[in-house]
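Note that the protein sequences, when read in sequence, are chains A and B. Count along the first sequence from 1, then add 242; that gives the number in the numbering used here. Count along the second sequence from 1, then add 16; that gives the number in the numbering used here. Every residue, glycine too, gets a C-beta built ideally from N, C-alpha and C.
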Amino acid sequence: MTENIYQPMMMRIAEARDEAPEVRTLRLEFADPADRARFFEKYRVGMFGLYGVPGAGESTFCVASPPTRREYIECTFRRTGRVTAALADREVGQPVTFRGPYGNSFPVDEWRGKNVLFVAGGIALPPIRSVIWNVLDRRDEFGEVTILYGARTVADLVYKEELADWAARGDVKLVTTVDPGGETADWKGKIGFVPTVLEQAAPSSARAVALVCGPPIMIKFSLPVLVKLGFAPPDVYTTLENRMKCGLGHCGRCNVGSLFVCRDGPVFTLRQLQGMLTADL
Amino acid sequence: MMKVIDANKLSDLAAALAAKGYRVVAPVRDADAVRLKEWRPGQAIDTSAISINSAKEFFFPRTETIGRYALEGSEFKPEEVEPQAPRTVLLGVRPCDAAGLAVLDALFNWEYKDAFYNARRAATTVVALVCRTADEQCFCTSVGGAPDSVLGADAVLRSADGGARFILEPLSDKGKSLAADAGAALAEGKAAADPPAEVPVRFDSKAVTAWCGENFESPLWREVSLACLGCGACTHACITCHCFDIQDEGTRREAVRLRNWDTCGLALFTLHSAGHNPRPDQAARWRQRVMHKFRYFVERFGRLACTGCGRCGRLCPAALALSDVCREIEDASKAAAKK
Numbered sequence: 243m244t245e246n247i248y249q250p251m252m253m254r255i256a257e258a259r260d261e262a263p264e265v266r267t268l269r270l271e272f273a274d275p276a277d278r279a280r281f282f283e284k285y286r287v288g289m290f291g292l293y294g295v296p297g298a299g300e301s302t303f304c305v306a307s308p309p310t311r312r313e314y315i316e317c318t319f320r321r322t323g324r325v326t327a328a329l330a331d332r333e334v335g336q337p338v339t340f341r342g343p344y345g346n347s348f349p350v351d352e353w354r355g356k357n358v359l360f361v362a363g364g365i366a367l368p369p370i371r372s373v374i375w376n377v378l379d380r381r382d383e384f385g386e387v388t389i390l391y392g393a394r395t396v397a398d399l400v401y402k403e404e405l406a407d408w409a410a411r412g413d414v415k416l417v418t419t420v421d422p423g424g425e426t427a428d429w430k431g432k433i434g435f436v437p438t439v440l441e442q443a444a445p446s447s448a449r450a451v452a453l454v455c456g457p458p459i460m461i462k463f464s465l466p467v468l469v470k471l472g473f474a475p476p477d478v479y480t481t482l483e484n485r486m487k488c489g490l491g492h493c494g495r496c497n498v499g500s501l502f503v504c505r506d507g508p509v510f511t512l513r514q515l516q517g518m519l520t521a522d523l
Numbered sequence: 017m018m019k020v021i022d023a024n025k026l027s028d029l030a031a032a033l034a035a036k037g038y039r040v041v042a043p044v045r046d047a048d049a050v051r052l053k054e055w056r057p058g059q060a061i062d063t064s065a066i067s068i069n070s071a072k073e074f075f076f077p078r079t080e081t082i083g084r085y086a087l088e089g090s091e092f093k094p095e096e097v098e099p100q101a102p103r104t105v106l107l108g109v110r111p112c113d114a115a116g117l118a119v120l121d122a123l124f125n126w127e128y129k130d131a132f133y134n135a136r137r138a139a140t141t142v143v144a145l146v147c148r149t150a151d152e153q154c155f156c157t158s159v160g161g162a163p164d165s166v167l168g169a170d171a172v173l174r175s176a177d178g179g180a181r182f183i184l185e186p187l188s189d190k191g192k193s194l195a196a197d198a199g200a201a202l203a204e205g206k207a208a209a210d211p212p213a214e215v216p217v218r219f220d221s222k223a224v225t226a227w228c229g230e231n232f233e234s235p236l237w238r239e240v241s242l243a244c245l246g247c248g249a250c251t252h253a254c255i256t257c258h259c260f261d262i263q264d265e266g267t268r269r270e271a272v273r274l275r276n277w278d279t280c281g282l283a284l285f286t287l288h289s290a291g292h293n294p295r296p297d298q299a300a301r302w303r304q305r306v307m308h309k310f311r312y313f314v315e316r317f318g319r320l321a322c323t324g325c326g327r328c329g330r331l332c333p334a335a336l337a338l339s340d341v342c343r344e345i346e347d348a349s350k351a352a353a354k355k
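Here it is in structure tokens:
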């Protein structure tokens, strides 16, 4: 018999932490070193995987850690259903399953020497956090790095410790914002929706690429702002999500027109999006 | 000389093949319908009508175990899962079913090779039965097929001598070994093949493919889908519909990961956990079904994902037929060309 493409790898939870209400990060180590080698041979930032608990099922999330950290992978997810609850309830030391990495990736190598702008909202920071880490781990290769991150409330901001680290490093321009009403008394960041704050921050589009990831409504209103700021559609990237079951292009539900998010994506440029059947998103 | 068999002796052929170790799947009378089922000794094979179910389930079952785990507390151990792939003959499936296997072959080997599907495909010999009659739902000739197409078949049965006999014509190595395994159930003889059914062309599939490329937002999708109940019978009956779900089931001691048929006709198919649904209504789901078959699959694989078997129309409780919708699309494209 040929290989069962649905046979997952065994992982162990090395660390677990709560990022925000109902949002949890798991750091997973490969039980089998051969799996780890196979994974990192293929893995590039932007790819995703299916994380599972036998008896509960599998769920799709991006890999939130970069290939420059080769001992483990991380995922960050919101507890919403049976599978994410089972994953969130697992404790350090316990096993979970993983299939992947699947999908395409961000062409980070093509950005050498360029300025990189990250725009993210809410639980959508994790999919581009792997890129941020990757860029920061190779900091000398890139120009200015700007991160604009917003959430509904201060409590909903994920990776709070990393946000503090990024703010303190000196070689990253970090702008954080919360939706009006989501601020606390001691909130030092901006107050406003991501597209508005983006327009006010007006990062330069000269020799720059932009990555946008967030809820559909945030993406919808941020893309025109980037275009207005002078970003060319081929230089604007986003990562799409759709419900998926196989991750391999077979199960037939994540397509947008004839493109499958799982194999033609999840990373798409704004130029590609403009040619896609976005009504199917 | 050719291999021939009397028309009323097909069950003898089935018995001979069963004796050689084949699992025989054939159209048999089941309540008030003809259904493709595992043949049992003594059962008559009924070639009078197209089966209500497609041959899909014998390659891609409606539910199948793709993972198994022994559980102990929070620990689990994966167990090997082997495909269930007994040597099988599909005896007397229609050419539209045999042709549909090309679609499934392409999909289940798209970059990743599906061991479960491929094991059954390799273990199965397909004997197609040339259609002598067609009903008002048949439309193979509109999608590049024919009532006497041999695409996907390892052997073909042709009605001969006015229905008194069948000619069995082996086409592939599997077909030849099946003919050899049939032994005395097939006689050497001569017979004159009967003409196949006449299936009128109901629409121009190239016009449908072209129109679909330009009309994602057409009001036609809403109009054609208004009567749709969203039951999914059309896709389950379809030989080429291949979309599936993966679900786990378990006890405290064991968990299985199952692959089940799914359908783009259901709202849950694309519902995000955050509540957003990219296909929020039945119009969007109907559009996906037609687009997938007539546009997206063509773009990705260079062939239509429809072989015109007509089961979707026969089974639809709201009497919605894909061929009627394609006809409407062709009319719309002609009307647009005139403007």
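Inset, instruction - Check the Cβ of GLU493(A) against every Cβ in chain B and list those closer than 9 Å, keeping chain order. - result: The amino acid occupying residue 493(A) in the given sequence is Cys; Glu does not appear at that position. What CYS493(A) touches in chain B: HIS258, CYS259, PHE260, ASP261, ILE262, ARG275, ASP278.
Inset, instruction - Mark VAL119(B) as exposed unless 16 or more other C-beta atoms lie within 10 angstroms of its C-beta, in which case mark it buried. - result: buried
Legend entry - Interface positions of the segment 244-265 of chain A facing chain B (Cβ-Cβ less than 9 Å), listed along the chain: THR244, GLU245, ASN246, ILE247, TYR248, GLN249, PRO250, MET252
Legend entry - Amino acids of chain B, ordered along the chain, whose beta-carbon sits closer than 9 Å to that of GLU300(A): ILE262, ASP264, ARG273
Inset, instruction - Answer with yes or no whether the minimum CB distance from LEU117(B) to chain A is below 8 Å. - result: no
Inset, instruction - May I ask which residues mark the beginning and end of the beta strand (DSSP E) holding VAL419(B)? - result: Residue 419(B) is absent from the structure shown; chain B starts at 17 and stops at 355.
Legend entry - Contacts of GLN336(A) in chain D (Cβ-Cβ under 8 Å): The chain labelled as chain D is not found among the protein chains of the depicted structure, namely A and B.
Legend entry - When LYS355(B), ARG275(B), VAL306(B), ARG103(B) are compared against GLU344(B), the one with the closest alpha-carbon: VAL306(B)
Legend entry - Inter-residue Cα distance where the pair is TYR370(B) and GLY229(B): The structure shown does not extend to residue 370(B), since chain B is modelled only from 17 through 355, so no value can be given for it.
Inset, instruction - Mind reading off the beta-carbon distance from ASP170(B) to LEU194(B)? Whole number of angstroms is fine, and I expect it under 8 Å. - result: 7 Å
Legend entry - Residue from LYS72(B), ALA49(B), ALA32(B), GLU265(B) with nearest C-alpha to PRO57(B): ALA32(B)
Inset, instruction - Counting only the same chain and skipping the five closest in sequence on each side, list residues whose C-beta sits under 7 Å from that of ARG278(A). - result: PHE272
Legend entry - Buried versus exposed, by CB contacts within 10 Å (16 or more), ALA198(B): buried
Legend entry - Identified DSSP bridge partners for ASP261(B): ASN276(B)
Legend entry - Proximity winner among LEU292(A), THR418(A), ILE433(A), relative to CYS504(A) (alpha-carbon distances): LEU292(A)
Legend entry - Inter-residue Cα distance where the pair is ASP340(B) and GLU239(B): 12 Å
Inset, instruction - Please check if any C-beta of chain B sits within less than 8 Å of the C-beta of CYS317(A). - result: no
Inset, instruction - Say whether chain B places a C-beta atom closer than 8 Å to the C-beta of LEU490(A). - result: yes
Inset, instruction - May I ask which residues mark the beginning and end of the alpha helix (DSSP H) holding TYR391(A)? - result: Note, TYR391(A): premise wrong, no alpha helix (DSSP H); beta strand (DSSP E) at 387-393.
Inset, instruction - Note down, in chain order, every chain A residue with its Cβ under 9 Å from the Cβ of ILE345(B). - result: The contacting residues do not exist; ILE345(B) stays about 17 Å from chain A at best.
Legend entry - Among THR302(A), ARG324(A), THR310(A), nearest to CYS317(A) - alpha-carbon criterion: THR302(A)
Inset, instruction - Just tell me which of GLY83(B), ALA207(B), ALA115(B) has its CA closest to the CA of SER70(B). - result: ALA115(B)
Inset, instruction - Within the same chain, show all residues whose beta-carbon is closer than 7 Å to that of VAL396(A), passing over the 5 residues directly before and after it, in chain order. - result: VAL420, GLY424, GLU425, THR426, TRP429
Legend entry - One or two residues paired with LEU106(B) in a DSSP bridge: VAL41(B), VAL142(B)
Inset, instruction - Could you check if VAL454(A) is buried or exposed, using at least 16 other CB atoms within 10 Å of its CB as the buried criterion? - result: buried
Inset, instruction - Determine the contact status of VAL97(B) and GLY108(B), defining contact as a CB-CB distance below 8 Å. - result: no
Legend entry - Alpha carbon of ARG181(B) to alpha carbon of ASN125(B), nearest angstrom: 38 Å
Legend entry - Residue(s) in a DSSP beta bridge with ASN497(A): PHE502(A)
Inset, instruction - May I have the straight-line CA-CA distance separating CYS259(B) from SER158(B), to the nearest angstrom? - result: 24 Å
Legend entry - Proximity of VAL439(A) and LEU390(A) at Cβ, strictly below 8 Å: yes
Legend entry - First through last residue of the alpha helix (DSSP H) which encompasses GLU257(A): Here GLU257(A) belongs to no alpha helix (DSSP H); instead the beta strand (DSSP E) covers 251-262.
Inset, instruction - Could you check what DSSP says for THR286(B) in three-state terms: helix, strand or coil? - result: coil
Inset, instruction - Select from SER307(A), PHE281(A), ARG320(A), ARG324(A) the residue whose C-alpha is nearest the C-alpha of ALA298(A). - result: ARG324(A)
Legend entry - Listed by chain order, chain B residues near ARG394(A) by CB distance under 8 Å: Chain B residues near ARG394(A): none, gap ~13 Å exceeds 8 Å.
Inset, instruction - Using beta-carbon positions only, say whether GLY329(B) and ALA337(B) come within less than 8 Å of one another. - result: yes
Legend entry - Close-in-space but distant-in-sequence residues of the same chain around PRO369(A) (CB under 6 Å, 5 per side omitted): CYS304, CYS455, THR481
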